[in-house]
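> Heads up, the sequence shown is in this note's numbering, so the first residue is 17 and it goes up one at a time.
Note that CB positions come from ideal geometry on N, CA and C, so glycine has one too.
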Amino acid sequence: MKKYILFLFIIFTQNLISQNIEPLSPIQKELYDFETVQVKPEFPGGKEKFIEYIKENLKKSDIDKSKGQIQTSFIVEMDGSITDVKIIKDTGIKIEKSLKKILEKSPKWLCGEHEGYHVRTKVDFTFDI
């Protein structure tokens, strides 16, 4: 009987302990603009490595046909992943779909921080092809 009571006690207390999830602060729920965060999100290795990553993953045929600037917009989440990718302006050659996939599969970024919290940050990025 004592073993049974001890077993029930362990089961119920373990369940209660596992329920302690810290809610997100209001700061973490908001979407911040790149210019307003205190620590800006960054691709591992910086801007040059990000452009290199994109060019390495675009098809050579798409790069050869394209000249000009591409404007993109995306969100760097609190875990560093990229979501909500949008191509704002492209070169006229249809590389939007492949570029969108490349950005979505991008390695995790170093996320933005504001007032000591990791926050979701909107990034507008323009690069030349």
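For leucine 51, which three-state DSSP category applies?
Within the sequence shown, residue 51 is the residue found at index 35, counting from 1. At residue 51 the sequence reads glutamate, which differs from the leucine that was named. DSSP places glutamate 51 in coil when its eight states are reduced to three.
> Kindly indicate the opening and closing residues of the alpha helix (DSSP H) around glutamate 112.
Residue 112 sits at position 96 when you count from the first residue of the sequence shown. Element bounds for glutamate 112: 112-120.
> Could you tell me if serine 114 is buried or exposed, where buried requires 16 or more neighbouring beta carbons within 10 angstroms of its beta carbon?
As a position in the sequence shown, residue 114 is number 98, starting the count at 1. So serine 114 ends up on the exposed side.
> Give me the Cα-Cα distance between glutamate 131 and lysine 19, rounded to the nearest whole angstrom.
Stepping through the sequence shown from its first residue, residue 131 is reached at position 115. Stepping through the sequence shown from its first residue, residue 19 is reached at position 3. Straight-line Cα distance between these residues: approximately 49 angstroms.
> Between the Cα of glycine 96 and the Cα atoms of Met17, Val139, Ile26 and Ile21, which residue gives the shortest distance?
Position 80 of the sequence shown holds residue 96. Comparing Cα-Cα distances from glycine 96 to each of Met17, Val139, Ile26 and Ile21, the minimum goes to Val139.
> Going by alpha carbons, who is nearest to lysine 105 out of Phe66, Phe143, Glu51 and Cys127?
By one-based count along the sequence shown, residue 105 stands at place 89. Nearest C-alpha to lysine 105: Phe143.
> Quick one: give me the first and last residue of the beta strand (DSSP E) that phenylalanine 59 is part of.
Within the sequence shown, the letter at position 43 stands for residue 59. Careful: phenylalanine 59 lies outside any beta strand (DSSP E) and carries neither H nor E.
> Output the distance between the C-alpha atoms of glutamate 64 and lysine 45, rounded to the nearest integer angstrom.
On the sequence shown, residue 64 is found 48 positions in, with the first residue counted as 1. On the sequence shown, residue 45 is found 29 positions in, with the first residue counted as 1. Between glutamate 64 and lysine 45, the C-alpha separation is close to 30 angstroms.
> Is it buried or exposed, leucine 119, if we count other Cβ atoms within 10 angstroms and call 16 or more buried?
For this step, residue 119 is matched to residue 103 along the sequence shown. Buried, since its Cβ has 16 or more Cβ neighbours within 10 Å.
> Across which residues does DSSP place lysine 138 in a beta bridge pair?
Counted from its first residue, the sequence shown places residue 138 at position 122. Per DSSP, Asp49 and Ile91.
> In terms of residues, what are the limits of the beta strand (DSSP E) holding threonine 107?
The residue labelled residue 107 in the question sits at position 91 within the sequence shown. Counting along the chain, no beta strand (DSSP E) covers threonine 107, and no H or E run does either.
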